[in-house]
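Visitor: One structure, pasted below without further comment.
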Amino acid sequence: MAHQERFEVRTPGRGSLEITDRVAAAVAASGVATGVCHVFVQHTSASLLLTENADPAVRRDLETLFARLAPDGDPQYVHDDEGPDDMAAHARNVLAGSALSIPVGSGRLLLGTWQGVYLWEHRTAPHVRSVVVTVTG
Numbered sequence: 506m507a508h509q510e511r512f513e514v515r516t517p518g519r520g521s522l523e524i525t526d527r528v529a530a531a532v533a534a535s536g537v538a539t540g541v542c543h544v545f546v547q548h549t550s551a552s553l554l555l556t557e558n559a560d561p562a563v564r565r566d567l568e569t570l571f572a573r574l575a576p577d578g579d580p581q582y583v584h585d586d587e588g589p590d591d592m593a594a595h596a597r598n599v600l601a602g603s604a605l606s607i608p609v610g611s612g613r614l615l616l617g618t619w620q621g622v623y624l625w626e627h628r629t630a631p632h633v634r635s636v637v638v639t640v641t642g
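Numbering (our numbering), first residue to last: 506 to 642.
So this is what it looks like as structure tokens:
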């Protein structure tokens, strides 16, 4: 059995937005009791995170880390078609990833106590991002 849903997330610009409830709703609607939930963001300048949901400092610290790893406006970047954050956003996507797989049990996401699912916007301007959730079981 497979179930698939798509939804959009409006971002205010760079930062992370929790989408756990929306993913969990797709799992509940699927009717799958035991299986896998695959979450995918259809963009190359945003990512998905499975990370701490209790302390927002974790996500701020991830922003700090990624600013060091993929800084905006690095003069060595060639690709800057959409501005100084363009290549940095693509690099951050490659580092963080576009997809997550989460086990499903008893009809719900089997997340750990302090885990949440986040869409991580890497561009500085607001965007509308498309997320695909596929539940199989």
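By construction, the Cβ of each residue, glycine as well, lies at the ideal position given by its N, Cα and C atoms.
Given the structure is predicted, the values throughout are model-derived calculations rather than measurements.
Answer yes or no: do residue 609 and residue 537 have a C-beta to C-beta separation smaller than 8 Å?
Guide: Position 104 of the sequence shown, counted from the start, is the residue given in the question as residue 609. Position 32 of the sequence shown, counted from the start, is the residue given in the question as residue 537. Yes. Within cutoff.
Visitor: Between which two residues does the alpha helix (DSSP H) harbouring residue 600 extend?
Guide: Taking the first residue of the sequence shown as 1, we reach residue 600 at position 95. Counting along the chain, the alpha helix (DSSP H) containing residue 600 begins and ends at 591–601.
Visitor: Exposed or buried, what is residue 584 when buried is set at 16 or more other beta-carbons lying within 10 Å of its beta-carbon?
Guide: For the purposes of this step, residue 584 is taken as the residue at position 79 of the sequence shown. Exposed, by the Cβ-count rule.
Visitor: Taking only three categories from DSSP, how would you classify residue 521?
Guide: Counting from 1 along the sequence shown, the entry for residue 521 is found at position 16. Strand, per DSSP.
Visitor: Quickly, what does DSSP pair residue 623 with across the bridge? List them, please.
Guide: Taking the sequence shown and counting its residues from 1, one reaches residue 623 at position 118. DSSP output for residue 623 lists 523, 554 as bridge partner(s).
Visitor: At the 8 Å Cβ level, is residue 574 part of the contact set with chain D, yes or no?
Guide: In the structure shown, chain D cannot be found, because there is only a single protein chain.
Visitor: Identify whether residue 635 lies in helix, strand or coil by the three-state DSSP scheme.
Guide: Position 130 of the sequence shown, counting from 1, holds the residue named residue 635. Strand at residue 635.
Visitor: Using three-state DSSP, classify residue 515 as helix, strand or coil.
Guide: Residue 515 sits at position 10 when you count from the first residue of the sequence shown. Note: residue 515 maps to strand in three-state DSSP.
Visitor: Hey, residue 548 and residue 634 are a contact pair by Cβ (cut 8 Å); roughly how many whole angstroms apart?
Guide: To locate residue 548, count along the sequence shown from 1; it is residue 43. To locate residue 634, count along the sequence shown from 1; it is residue 129. Contact holds; Cβ gap of about 6 Å.
Visitor: Helix, strand or coil for residue 532? Go by DSSP, reduced to three states.
Guide: Taking the first residue of the sequence shown as position 1, residue 532 is located at position 27. Reduced to three states, the DSSP call for residue 532 is helix.
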